[in-house]
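Asks: If you read the sequences in order, they're chains H and S.
Straight run, no breaks: the first sequence in the working numbering ends on number 539.
Straight run, no breaks: the second sequence in the working numbering ends on number 309.
Virtual Cβ for every residue (Gly too), placed ideally from N, Cα, C.
What follows is a structure written as structure tokens; I'll ask about it next.
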Amino acid sequence: MTPAIRVKTWWTILRICLEERLVYRGDFALGTLMRFLPIVTQIFLWYAIFEAVKDSRGADDIGDISLGGYGYTEFVAYYLLTMLSRAFSSMPGLASGIARQIRDGEIKKYLIQPVDMLGFMLLGRIAHKVAYYSVAIGPFALVFFLCRNMFRELPPEAATHSLFTLAAFLASLVMGFVLGYFLEATIGLIGFWWLEVTSILFIYMLFSFFLSGHMFPLDMLPEPWATLVDLLPLKYLAYFPSAVFLGKVSGPDLIWGLSVEVFWILFFVVLSRWLYHRGIKRYSGFGG
Amino acid sequence: MLSQDSPVSTAEPTLAGKPTSERPQYVRVFLTFARNSLVRDMTFRVNFIIESVAALSWMIANLGFYLLIFTFTDSIGEKTGWGQYEFFVFLATTMLINSVVQAFFMPNAQEFSELIRTGGLDFALLKPIDTQFLVSLQRVNWSSLINFLAGGILLGFSLFQLSTREANPLEVTPIMILLYPVFVACGIAILYSLMVSLAATSIWLGRNQSLYDFWFYITNFSRYPMEIYSGTYGLPLRWFFTFIVPVLIVVNVPARMLAQPLRPDSSLGLALGAFGVVATLVCLFASRFVFRRSLLSYRSASS
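Structure representation (structure tokens):
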């Protein structure tokens, strides 16, 4: 295929997926707004905790208190930002979808058509995300506007003051998407060997729920957990972009963090490619 | 699908013979459902064990999160009395209630919207037994009950810690022990009513895919002590989730009664208890009404 035709193919795939996704706009917008509800309870919980700490320390204002390096407004900002990171990095149904296609034999179509499965699905995801953002930007803008006061007292390294941090934040969001895609695709491709990946997927979800940072800022964790979490790629799915935005990671740490993220992306790209390559070798499809 | 799942029609020939004169034996039918589900679960034993471990590890991870919180603070909220072990009583109550709901009602509510979409509800309507009973108790998910066990252990441990601590030990009275299961049952009934009403809406909507999501978002508000909803934004929320959709009552009433019986504002506790009972009855009747109304709009999808 010449590059021009290849681009045209990709563009067609992207457009088809986009149109498919935009059929259920209303459902999308409502669903996005609903997704903020768990955060609401989380924010109230932390407010109550700050009140209790203020009381026991005899402080005048909860603005004077910080827990694990986070003030109250920073907590709220953190949770809102993790919503944004998750909007990029979460891949609902990707791993289970790949495993199901392997089980059902639907994967055959990628073997006979001149498209690459991982590439095709990546385009599908991009289309999904673009469609999602085009609708979700409304609810997101609304919530961030309502909570704009929470972003007032950030340090000079934060993305509200520094263009460099903002660029790093955007890069980490996009890289979070790529990492999330290849990580979940890798899990789904294990289906070539195990057929049923529900249990692995559950373990992955459990770990990613608690260790990606969307329950709490990961740097609050005591040792040895802090080191463990630092070694896992999961933190790039929610914690890292938010921490970058808030200026918690800056200077050499930021460069190092982004480099490690690039490493993880390459690692999972290669691993998923390799698994796919090995998988189709041992795959056998019957009937049609 | 339904004919396999419900042995009612074949197991009780008397019913088929005299449909009008004899009441169906609900307890026996339910026990049959429970036994069948257990047999099915035991057929895939490894899967059952994995599901149990998964449900349990989710709870343990949650517990870890709260342990982390309590390394930073002594209590949740200013002077609310929800210290670490009081809150763990609360958490244990959440586990007890949620595990029962997940074991008995959740699989059925999910199945219900599928029954409507495929027209399988026809079979349920034809059975000589109450339809709501049939569709809401057919399947028992036994593996969820592992959290009931875990909740019980956590409850016992926390109560032991509370009653043996030096400062201001908790006194567990027989009345508390008697009333606690009653209010836990009330909480379960409220959640059940909410779930039935939600599931019934899928008759009007055709299909309710986001049922589970919606359920998760709503019950999310029941997971913390109601005191945390205070201030300009919190009070309306607390009001809404107490009086309109009473999910805040579900865990708060039983947990409060056990963990903080001697609060200075214990009259509030009493009022909450009374309100809990009233709310439960209203919810049960309302959900029954919604369910029956929705059945009237049912149009079979089968051919």
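1) Taking 8 Å as the CB-CB limit, is S:Ile-82 close to chain H?
2) Less than 8 Å between CB atoms is the rule here; does S:Trp-169 satisfy it with respect to chain H?
3) Can you tell me whether H:Glu-302 is buried or exposed, with buried defined as 16 or more other CB within 10 angstroms of its CB?
4) List, from N- to C-terminal side, the beta strand (DSSP E) runs of 3 residues or more that fit wholly inside the segment 288-313 of chain H.
5) For a contact meaning CB atoms closer than 7 Å, what does S:Lys-133 contact in chain H?
6) Going by DSSP, which residues form a beta bridge with H:Tyr-321?
7) Distance check for H:Ser-535 and H:Trp-262, CA to CA, integer angstroms please.
8) Identify every residue that forms a DSSP beta bridge with S:Ser-81.
9) Need the endpoints of the alpha helix (DSSP H) that S:Gln-144 sits in, please.
10) Rounded C-beta distance between H:Leu-284 and H:Pro-390? I'm assuming under 8 Å.
11) Using a Cβ-Cβ cut-off of 7 Å (strictly less than) and excluding sequence neighbours within five positions of H:Phe-402, which residues of its own chain qualify?
12) Taking all protein chains shown into account, decide if H:Gln-293 is buried (16 or more other Cβ within 10 angstroms of its Cβ) or exposed.
13) So, is S:Arg-29 buried or exposed, given that buried needs 16 or more other C-beta atoms within 10 angstroms?
14) At the 8 Å Cβ level, is H:Asp-306 part of the contact set with chain S, yes or no?
15) Report buried or exposed for S:Ser-309, applying the criterion of at least 16 other Cβ atoms within 10 angstroms of its Cβ.
16) If you compare alpha carbons, which of H:His-465, H:Trp-444, H:Val-425, H:Cys-268 is closest to H:Leu-509?
17) Taking 7 Å as the limit between beta carbons, can you name the residues of its chain near H:Phe-461, skipping five residues before and five after?
18) Spell out whether any CB of chain S is found under 8 Å from the CB atom of H:Ser-450.
19) Mind checking the segment 222-234 of chain S against chain H and listing, in chain order, the residues whose C-beta falls within less than 9 Å of any C-beta there?
20) Is the shortest distance between the beta-carbon of H:Thr-466 and the beta-carbons of chain S less than 8 Å?
21) Can we say the segment 103-120 of chain S touches the segment 146-154 of chain S, given the rule of at least three CB pairs closer than 8 Å?
22) Return the first residue and the last residue of the alpha helix (DSSP H) that H:His-379 is part of.
23) Assuming S:Trp-148 is part of the alpha helix (DSSP H), what are its boundary residues?
24) Using the Cβ count rule (16 or more neighbours within 10 Å means buried), how would you classify H:Gly-530?
25) Identify each residue in the segment 475-488 of chain H for which the Cβ-Cβ distance to at least one residue of chain S is less than 8 Å, and report them in chain order.
26) Counting Cβ pairs, one atom from each stretch, are 3 or more of them under 8 Å apart for the segment 134-147 of chain S and the segment 63-75 of chain S?
27) In its own chain, which residues sit with a C-beta less than 7 Å from the C-beta of S:Leu-290, not counting the 5 before and 5 after it?
28) Taking the alpha-carbon of S:Ala-285 as reference, which of S:Glu-117, S:Phe-247, S:Arg-123 has the nearest alpha-carbon?
29) According to DSSP, simplified to helix, strand and coil, what is S:Phe-50?
30) Quick one, are the C-beta atoms of S:Val-259 and S:Ile-224 less than 8 Å apart?
31) Kindly indicate which three-state DSSP category H:Glu-404 falls into: helix, strand or coil?
32) Per DSSP, what kind of secondary structure is S:Asp-136 in: helix, strand or coil?
33) Who are the neighbours of S:Trp-148 on chain H, taking C-beta pairs under 8 Å?
34) Excluding the five sequence neighbours on either side, which residues of its own chain have a C-beta within less than 6 Å of the C-beta of H:Ala-387, listed in chain order?
35) For the alpha helix (DSSP H) holding S:Pro-262, just list the boundary residues, first then last.
36) Measure the C-alpha to C-alpha separation of S:Leu-165 and S:Trp-210 and round it to an integer number of angstroms.
Replies: Put simply:
1) yes
2) First, the amino acid is wrong: residue 169 of chain S is Ser here, not Trp. Not closer than 8 Å to any Cβ of chain H, the Cβ of S:Ser-169 fails to qualify, so no.
3) buried
4) none
5) Chain H residues near S:Lys-133: none, gap ~32 Å exceeds 7 Å.
6) DSSP lists H:Leu-318 as partners of H:Tyr-321.
7) 31 Å
8) S:Gly-89
9) No alpha helix (DSSP H) holds S:Gln-144; DSSP gives it neither H nor E.
10) Yes, they are in contact, since the Cβ atoms of H:Leu-284 and H:Pro-390 sit about 4 Å apart, within 8 Å.
11) Close CB contacts of H:Phe-402 within its chain, under the 7 Å cut and outside five residues either way in sequence, are with Ala-328, Thr-411 (chain order).
12) Counting Cβ neighbours within 10 Å, H:Gln-293 comes out buried, since at least 16 surround it.
13) It is exposed - the Cβ of S:Arg-29 has fewer than 16 other Cβ atoms within 10 Å.
14) Cβ-Cβ to chain S under 8 Å: yes for H:Asp-306.
15) Caution applies to S:Ser-309, whose pLDDT of 48 falls short of 50 and renders its modelled position unreliable; the value that the coordinates give is listed next. By the neighbour-count rule (16 or more Cβ atoms within 10 Å), S:Ser-309 is not buried but exposed.
16) Distance from the Cα of H:Leu-509 is smallest, within the candidate group H:His-465, H:Trp-444, H:Val-425, H:Cys-268, for H:Val-425.
17) Result list for H:Phe-461: empty, nothing under 7 Å.
18) yes
19) Phe-222, Tyr-223, Ile-224, Asn-226, Phe-227, Arg-229, Tyr-230, Pro-231, Glu-233, Ile-234
20) The displayed chain sequence assigns Met, not Thr, to residue 466 of chain H. Yes, H:Met-466 lies at the interface with chain S (some Cβ there is under 8 Å from its Cβ).
21) yes
22) Taken as a continuous stretch (DSSP letters only), the alpha helix (DSSP H) holding H:His-379 covers 368-397.
23) It is not in any alpha helix (DSSP H) - S:Trp-148 carries neither H nor E in the DSSP assignment.
24) buried
25) So nothing in the stretch comes that close.
26) no
27) Ala-195, Ser-199
28) S:Phe-247
29) coil
30) no
31) coil
32) coil
33) Going along chain H, no residue has its Cβ under 8 Å from S:Trp-148, so there is no contact; the nearest lies around 17 Å.
34) Thr-283
35) Pro is not the amino acid found at residue 262 of chain S; the sequence shown has Arg there. Segment 253-265, the alpha helix (DSSP H) holding S:Arg-262.
36) Between S:Leu-165 and S:Trp-210, the C-alpha separation is close to 46 Å.
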